[in-house]
Amino acid sequence: MKFGRLLVKEFVKVENRRSYWLCECDCGNTSIVMGVNLRHGGGTNSCGCASKEAIASTGKLRPSKSLAPAGPDYRRLWKIRVGMIARCYDPRQLFYKDYGGRGITVCDEWLHSFDAFYFWAIASGYSPELSIDRKNNDEGYSPDNCKWSTAKEQAHNRRSSKRYEAFGESKVLEEWGRDSRAVVCKNTIKIRVANGWDFQSAMTTPAMPRRDRALLGHQGRRKKTEKRIETC
Ligand SMILES: [Zn+2]
C-alpha cells in the first residue's frame, strides 16, 4: 500500500493498541509510522521530507517566474499561503496540532506554486477583508475545499464544531453519532462526556439496561428505587 510518498514495507509492532509500520519514502529514507496516521489525502505521507520542501517553498517572496502582478493583494496572499503551509507542516507553530497534527495538508499545486494559489484566489472571490476558509474541516487546503469568508463566518464555523478524539481521529459530535463504531446515540455520548468519561469509551460502551441504571443512579434516585423495591 502506498500513502503519498510512503510505501508500506512491513508490520513492526503493536504498542498501546496501536500498530506501527515500517515505511519507505520516495526520497529513500525509511521511517516507522503509526497505522492510524497513514491515510489517503492527509495524515503522515512522507518521512518528513515533504514538510521540509513545503517550508522551503515559502522562503522567497517573489519567485522569479511569477506572473502575478505585484501589489497589496500579492503581498497579502503571499502571507496567507505562508501561514497555511506553516500551520500544516511546521510543528513549531502554535496551531500545528489543529492542522498538520491532525493530517491537514496543502494540495501539491499550491504547495509548489504561489501563482497557482494567487490565480485561484482572485478567481474565487478574494478580497482584502476576507480570509481563507475550509469547507470541510477534516480535509486539507485545495481549490475544491476552500472558500473566502469573513471573520464572522469563520468564528461561527469554529464555534459550532467542537471536536472529539477517538480511534486516532477527530470529528464533531454529530459525525461520531453517525459513526458505525458508536454503539450509543450522540446524546448518550454527550451526557457521558459531561460526566467525565473518556470520549472513546463513551461511544463504545453499550448502554446499561434500565434496571441496572436505576440501581447505579445518583443518590436521590437510588432512594426512590429502594423505596419502590420495599413497597413492592
Ligand atoms: Zn522522504
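Going by our numbering, the sequence shown wraps up at 1352, each residue one higher than the last. For glycine and all other residues, C-beta sits at the position ideal for the given N, C-alpha and C. In this text the structure is predicted, and so the values were computed from the model without any measurement.
Between which two residues does the alpha helix (DSSP H) containing residue i stretch?
i       : result
SER1321 : 1319–1324
GLU1173 : 1169–1176
Within a Cβ cutoff of 6 angstroms, which residues of the same chain sit near residue i, ignoring the five residues on either side of it in sequence?
i       : result
ALA1174 : ILE1205, TYR1209 and LEU1231
CYS1169 : CYS1147
GLY1161 : Bear in mind that the predicted position of GLY1161 carries a pLDDT of just 49, short of 50, making it unreliable; the figure below should be weighed with that in mind. So no residue of the chain qualifies.
When we look at the beta-carbon of residue i and count the other beta-carbons within 10 Å, is it buried (16 or more) or exposed?
i       : result
THR1225 : buried
ASN1165 : buried
THR1270 : exposed
MET1323 : buried
CYS1305 : exposed
PHE1361 : Shown here, the chain extends from 1121 to 1352; a query on residue 1361 therefore has no answer.
ALA1243 : exposed
Using the Cα positions of residue i and residue j, report the straight-line distance between them to the nearest angstrom.
i       : j       : result
ASP1253 : PRO1263 : 11 angstroms
LEU1127 : ASN1149 : 11 angstroms
GLU1229 : ALA1327 : 47 angstroms
TRP1141 : PRO1192 : 47 angstroms
THR1308 : ARG1222 : 26 angstroms
GLN1274 : TYR1238 : 21 angstroms
LYS1133 : GLU1144 : 16 angstroms
PHE1215 : CYS1266 : 19 angstroms
CYS1227 : GLY1260 : 7 angstroms
How is the beta strand (DSSP E) around residue i delimited, first residue to last?
i       : result
THR1150 : 1150–1154
ARG1227 : With the sequence shown as reference, residue 1227 is identified as Cys, and Arg is not the correct amino acid for it. First-last for CYS1227: undefined, no H or E at that position.
ALA1111 : Residue 1111 is absent from the structure shown; the chain starts at 1121 and stops at 1352.
Would residue i count as contacting chain C if we go by Cβ distances under 7 angstroms?
i       : result
PHE1131 : Here there is only one protein chain, and chain C is not present.
Could you give the C-beta distance for residue i and residue j, rounded to a whole number, given that I count them as a contact under 8 angstroms?
i       : j       : result
PHE1287 : VAL1156 : 7 angstroms
So, for residue i: in the same chain, excluding its five sequence neighbours on each side, which residues have a beta-carbon less than 7 angstroms away from its beta-carbon?
i       : result
ASP1235 : SER1186, LEU1187 and ALA1188
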